[in-house]
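Heads up, our numbering is the position in the sequence shown plus 11, with the first residue counted as 1. A short write-up of the structure that comes next.
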Amino acid sequence: MAGWIEVISQVRRPQLGEEVPLLVFRAFRVFTGIYLEEIVGDKGASTLIQKAGRELGKEVGAMLKDESLEAYLGKVVDFVKDAKIGLLVPVELTEERLVVALDECITCSGMPDIGKRICHFEAGFVAGIVESHVKRRVRTYESKCNASGDHICEVVVEMNHA
Ligand SMILES: [Zn+2]
Numbered sequence: 012m013a014g015w016i017e018v019i020s021q022v023r024r025p026q027l028g029e030e031v032p033l034l035v036f037r038a039f040r041v042f043t044g045i046y047l048e049e050i051v052g053d054k055g056a057s058t059l060i061q062k063a064g065r066e067l068g069k070e071v072g073a074m075l076k077d078e079s080l081e082a083y084l085g086k087v088v089d090f091v092k093d094a095k096i097g098l099l100v101p102v103e104l105t106e107e108r109l110v111v112a113l114d115e116c117i118t119c120s121g122m123p124d125i126g127k128r129i130c131h132f133e134a135g136f137v138a139g140i141v142e143s144h145v146k147r148r149v150r151t152y153e154s155k156c157n158a159s160g161d162h163i164c165e166v167v168v169e170m171n172h173a
């Protein structure tokens, strides 16, 4: 699916411009998620959404690529902030695991506890970013989410489990 960022970057909205309220983004995300869950179930929906995030992460990773993992992660942190996705804070990086917190998460920050984690797209995005660098498939899951009462969004990537 390479090249989608270039396609969707072409915006012609002379009067309205490129900014939209966060609520519009969340409405799109949540209503799409609810409908997907109805059709394919909780597990299927989260897998689909995570996979979409993973593809985006791979495309963004290819744009930001850098030989050094440290420099690469620095660029990713800047990108995520500039795009107002959130404030990405690396929590742990070992051979086995990457853990990142996403403060002020675009999707869940400030949401009440609805008893489930909802940022599957973001988890996939982080996995795609990692996959773009390590050139292999990794496993990912969202370990904390504002929507499950955690007061932060956090993603774990397991480097050696596909
Ligand atoms: Zn989140």
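Ideal placement from N, C-alpha and C gives every residue a C-beta, glycine not left out. Since the model is a prediction, treat every value here as computed from it, not as a measurement.
With 16 or more other Cβ atoms inside 10 Å of its own Cβ, Arg128 counts as buried. When only Cα atoms are considered, Ala134 and Leu80 end up about 19 Å apart. Beta-bridge analysis with DSSP links Arg108 to Glu169.
The straight-line gap separating the alpha-carbon atoms of Val18 and Ala73 is approximately 16 Å. With 16 or more other CB atoms across the displayed protein chains lying within 10 angstroms of its CB, Ala138 is buried. For Arg150, the enclosing beta strand (DSSP E) covers residues Arg150 to Lys155.
Collapsing the DSSP output to three states places Leu98 in a strand. Exclusion of the five residues before and after Thr151 leaves Ala134, Ala138 and Val168 as the residues of its chain whose Cβ lies within less than 6 Å of its Cβ.
When Val166, Leu75 and Val88 are compared, the shortest CA-CA separation from Lys155 is found for Val166. For Gln61, the uninterrupted alpha helix (DSSP H) segment begins and ends at Leu33 to Leu75. Proximity of the beta carbon of Glu30 to ligand 1 is not indicated: no heavy atom of the ligand is located closer than 7 Å. Asp114 carries a strand assignment under DSSP once its states are collapsed to helix, strand and coil.
For Thr151, the CB stays at least 7 Å from every heavy atom of ligand 1. A contact between stretches requires three or more CB pairs, one per stretch, nearer than 8 Å, and the segment 112-119 meets this requirement with the segment 92-99.
Under the three-state reduction of DSSP output, Glu142 falls in the helix class. Classified as buried, Glu142 has 16 or more neighbouring CB atoms from the shown chains inside 10 Å of its CB.
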